[in-house]
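Student: In the working numbering, the protein residues as written are 1 to 393.
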Ligand SMILES: Cc1ncc(COP(=O)(O)O)c(C=O)c1O
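1) Mapping DSSP to helix, strand and coil, what is residue 128?
2) Taking the beta carbon of residue 158 as the centre, do at least 16 other beta carbons fall within 10 Å, making it buried, or is it exposed?
3) Going by CA-CA distance only, name the one from 326, 232 and 268 that's closest to residue 79.
4) State yes or no: is the C-beta of residue 116 nearer than 7 Å to some heavy atom of ligand 1?
5) How many Å lie between residue 376 and residue 264 at the Cα?
6) With 16 other CB atoms within 10 Å as the buried threshold, where does residue 5 fall?
7) Please classify residue 110: does DSSP put it in a helix, a strand, or coil?
8) Determine whether the beta carbon atoms of residue 179 and residue 204 lie at a separation below 8 Å.
9) If residue 268 sits next to residue 309, beta carbons under 8 Å apart, how far is it from one beta carbon to the other, in whole angstroms?
10) Should residue 123 go down as buried or exposed, given a rule of 16 or more other Cβ atoms within 10 Å for buried?
11) To the nearest angstrom, report how far apart residue 235 and residue 95 are at their CA atoms.
12) Less than 8 Å separating the beta-carbons of residue 146 and residue 93?
13) Under the criterion of a Cβ to heavy atom distance below 7 Å, does residue 194 qualify as lining ligand 1?
14) CB-CB under 8 Å to residue 374, same chain, minus the five flanking residues each way: which ones, in chain order?
15) Under 7 Å from any heavy atom of ligand 1, does the C-beta of residue 85 make it?
16) Does DSSP put residue 93 in a helix, in a strand, or in coil?
17) Enumerate, from N- to C-terminal direction, the unbroken alpha helix (DSSP H) stretches of 4 or more residues contained entirely within the stretch 260-341.
18) Could you compute how far the alpha carbon of residue 85 sits from the alpha carbon of residue 338?
19) Is it buried or exposed for residue 50, if we count other Cβ within 10 angstroms and need 16 for buried?
20) Measure the Cβ-Cβ separation of residue 256 and residue 207 and say whether it is below 8 Å.
21) Using only CA atoms, which one of 258, 242 and 344 lies nearest to residue 323?
22) Which one of 318, 63 and 171 has the shortest CA to CA distance from residue 359?
23) Residue ranges of each beta strand (DSSP E) run of no fewer than 3 residues wholly in the stretch 134-182, ordered along the chain?
24) Could you spell out where the beta strand (DSSP E) holding residue 8 opens and where it closes?
25) Is the beta carbon of residue 66 within less than 7 Å of some heavy atom of ligand 1?
26) Identify whether residue 197 lies in helix, strand or coil by the three-state DSSP scheme.
27) With a cut-off of 8 Å on the beta carbons, I'd call residue 216 and residue 83 a contact; round off their distance for me.
28) Is there a Cβ from chain D that is less than 8 Å from the Cβ of residue 376?
29) Does ligand 1 have a heavy atom nearer than 7 Å to the CB of residue 183?
30) Mapping the DSSP letters down to three states, classify residue 32 as helix, strand or coil.
31) Counting C-beta neighbours from all protein chains within 10 Å, is the total for residue 26 16 or more, i.e. buried, or is it exposed?
32) When every heavy atom of ligand 1 is checked, does at least one fall within less than 7 Å of the C-beta of residue 205?
33) Helix, strand or coil: which one does DSSP assign to residue 219?
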C-alpha cells in the first residue's frame with residue numbers, strides 16, 4: 001500500500017548523495033539518537049565509551065567542539081555547557097555536598113561568588129572568600145572539610161594575577177582539587193594543568209565564540225576520576241549546549257589565533273598609552289608592572305588578552321567617570337567581552353567586600369579588532385572632553 005504524502009514527508013525515499021566534502025563543520029542537531037536495534041538501547045552518558053545515546057550528552061558537533069577545547073587545554077576530556085556560568089555551576093554541583101567548605105577568591109567573577117553565597121549555602125555548603133594574592137598562605141584557610149579551591153587568574157575587573165601553582169601545592173597537600181576560571185587566557189595563554197589545576201572552565205562566550213553572538217561554556221578535566229564525577233552530574237542536570245551555537249564556536253576557533261594576536265598587541269599598546277595619561281592613577285593590565293601579580297603573569301603566562309581595567313585619579317567624580325564612558329564613540333557599553341567590538345563598563349566597588357579601594361574610579365575595557373589608532377583617538381577625545389587636561393595636573 002502506498003503511503004500518504006503526509007507520512008512520506010516524514011519517511012521519504014530520497015537518498016542524499018554520499019561523498020560531499022566542505023570546509024565547514026556540519027551542524028548535527030538531534031534529541032533522539034537512533035540505535036541500530038532494540039538490544040543496543042542504553043542511556044549511558046559517556047559517549048566516548050558507548051557511542052551516541054541521546055542528544056543531551058552531545059551530537060558530533062558538540063563533541064567536535066569539546067574535543068578541540070580539550071586539545072587546546074591539554075586535558076583528559078571536556079564537557080560543553082550552555083554558558084560559562086553553567087560551567088561554574090556544574091563544577092560546584094559535581095564536586096560538593098552538604099557539610100563541605102569551599103574557597104573562592106574575592107576577585108572572582110561576581111556570579112560565581114553569588115552562586116556560592118546564595119545557592120550553595122542553601123544546600124549546606126559553606127563558602128569562604130580569600131584575597132587573590134594569598135599564594136601559599138591559603139594553607140591557613142584550608143579546613144578538614146574543604147573540598148574545592150577556586151582560582152580565577154587574572155580576577156574579574158580588578159585583574160589580580162594569582163600564584164596558582166602555590167595555591168595548588170597547598171590544596172593538593174590536603175588532597176583538595178583546584179578549579180580555575182581560565183576564560184581570560186582563552187585556554188591558550190595559561191597552561192592550567194601543568195600549573196597544578198585539576199579542572200578548568202571557560203566562558204566560550206568570549207574569545208572562542210569571538211563575535212558576541214553566542215553563549216557557551218566548557219569544563220575540562222585533567223583526569224578520568226574527575227570526568228566520571230562531572231559527566232554523571234552533567235547527565236542529570238540536563239544542561240545541553242545547542243549544536244548550532246557549537247558550530248559557531250567551532251568557526252570562531254578557526255580565527256582565534258589571529259584575533260588574539262591582534263587584540264593582544266592592540267590592548268598592550270592602549271594600556272601603555274593610558275599609563276602615561278595624567279587622568280589615570282593605575283592601569284590594571286597583567287602585562288604591566290602596575291597590575292597586582294604581574295610577576296606571576298611573567299612567570300606563568302605566554303601572552304595577554306584584551307580585557308583590562310583603568311583606575312582614575314582620586315579627584316575624579318563618579319559622574320565624570322561615567323561621562324568618560326558615555327563620551328566614547330567606538331566602545332560599546334555592556335557586559336561580556338572577547339568579541340570584535342571594544343567595550344567599556346564603569347564599576348563601583350564602594351560596597352564590595354574584599355575588593356581593593358578603587359571605589360567608583362574603575363573602568364573595565366575590552367579591546368576588540370578595531371584599528372588601534374582609532375581606539376586611541378576615541379579614548380583621547382573622551383578624556384579631553386571630560387577633563388580638558390585638568391585632572392591629575
Ligand atoms: C571570567 C568570567 N567567567 C565566567 C563568565 C560567565 O560566562 P557566561 O556569560 O557565558 O555565562 C564570565 C562572563 O562574563 C566571565 O567574565
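Idealized CB from N, CA, C, for every residue including glycine.
Tutor: Looking at the coordinates:
1) By one-based count along the chain shown, residue 128 stands at place 128. If DSSP states are grouped into helix, strand and coil, residue 128 belongs with the strands.
2) As a first step, residue 158 is located in the chain shown; it is residue number 158 there, counting from the start. The residue in question, residue 158, is buried, as its Cβ has 16 or more Cβ neighbours within 10 Å.
3) Along the chain shown, read from residue 1 onward, the residue named residue 79 stands at position 79. Ranking the options by Cα distance to residue 79, first place goes to 232.
4) Counting from one through the chain shown, the residue named residue 116 turns up at place 116. No; taking the cut-off as 7 Å, the Cβ of residue 116 has no heavy atom of ligand 1 nearer than that.
5) For the purposes of this step, residue 376 is taken as residue 376 along the chain shown, with counting starting at 1. For the purposes of this step, residue 264 is taken as residue 264 along the chain shown, with counting starting at 1. Each residue's alpha carbon lies about 15 Å from the other.
6) Numbered from 1 along the chain shown, position 5 holds the residue referred to as residue 5. Label assigned to residue 5: exposed.
7) Residue 110 sits at position 110 when you count from the first residue of the chain shown. Correct three-state label for residue 110: helix.
8) The count along the chain shown starts at 1 and reaches residue 179 at position 179. The count along the chain shown starts at 1 and reaches residue 204 at position 204. No.
9) As a working mapping, residue 268 is identified with position 268 in the chain shown. As a working mapping, residue 309 is identified with position 309 in the chain shown. With a Cβ gap of about 14 Å, residue 268 and residue 309 do not count as contacting.
10) Within the chain shown, residue 123 is the residue found at index 123, counting from 1. Exposed, because fewer than 16 other Cβ atoms sit within 10 Å of the Cβ of residue 123.
11) Along the chain shown, one-based indexing puts residue 235 at 235. Along the chain shown, one-based indexing puts residue 95 at 95. Rounded to the nearest angstrom, the two C-alpha atoms are 14 Å apart.
12) Sequence index remark: in the chain shown, residue 146 carries index 146 (1-based). Sequence index remark: in the chain shown, residue 93 carries index 93 (1-based). No, these two residues do not count as a Cβ contact at 8 Å.
13) In the chain shown, residue 194 corresponds to position 194, counting from 1. No - ligand 1 has no heavy atom lying nearer than 7 Å to the Cβ of residue 194.
14) The sequence position of residue 374 within the chain shown is 374, counting from 1. Cβ within range, chain order: 330.
15) The residue given as residue 85 occupies position 85 in the chain shown. Answer for residue 85: yes, Cβ within range of ligand 1.
16) In the chain shown, the residue the question calls residue 93 occupies position 93. Helix.
17) 294-300 and 318-327
18) By one-based count along the chain shown, residue 85 stands at place 85. By one-based count along the chain shown, residue 338 stands at place 338. Approximately 16 Å between the Cα atoms of the pair.
19) Taking the chain shown and counting its residues from 1, the one referred to as residue 50 is at position 50. Exposed, because fewer than 16 other Cβ atoms sit within 10 Å of the Cβ of residue 50.
20) Position 256 of the chain shown, counted from the first residue, corresponds to residue 256. Position 207 of the chain shown, counted from the first residue, corresponds to residue 207. Yes. Within cutoff.
21) What you label residue 323 is simply residue 323 of the chain shown in a count that begins at 1. For residue 323, the nearest C-alpha among the options comes from 344.
22) Here the question's residue 359 lines up with position 359 in the chain shown. Here the closest residue by C-alpha is 318.
23) 146-152 and 178-181
24) Taking the first residue of the chain shown as position 1, residue 8 is located at position 8. Note, residue 8: premise wrong, no beta strand (DSSP E); alpha helix (DSSP H) at 5-8.
25) The sequence position of residue 66 within the chain shown is 66, counting from 1. Residue 66: no, Cβ never under 7 Å from ligand 1.
26) Numbered from its first residue, the chain shown carries residue 197 at position 197. In the structure shown, residue 197 sits in coil (DSSP, three-state: anything other than H, G, I, E or B).
27) Along the chain shown, read from residue 1 onward, the residue named residue 216 stands at position 216. Along the chain shown, read from residue 1 onward, the residue named residue 83 stands at position 83. Yes, residue 216 and residue 83 are in contact; Cβ-Cβ is about 6 Å, under 8 Å.
28) Note that chain D does not occur in the displayed structure, where there is just one protein chain.
29) Here residue 183 corresponds to residue number 183 of the chain shown, with the count starting at 1. Residue 183: yes, Cβ under 7 Å from ligand 1.
30) Against the chain shown, residue 32 aligns to sequence position 32. If DSSP states are grouped into helix, strand and coil, residue 32 belongs with the strands.
31) As a position in the chain shown, residue 26 is number 26, starting the count at 1. Flag for residue 26 reads exposed.
32) Here the question's residue 205 lines up with position 205 in the chain shown. Result yes, Cβ under 7 Å from ligand 1.
33) To locate residue 219, count along the chain shown from 1; it is residue 219. Three-state DSSP puts residue 219 in a strand.
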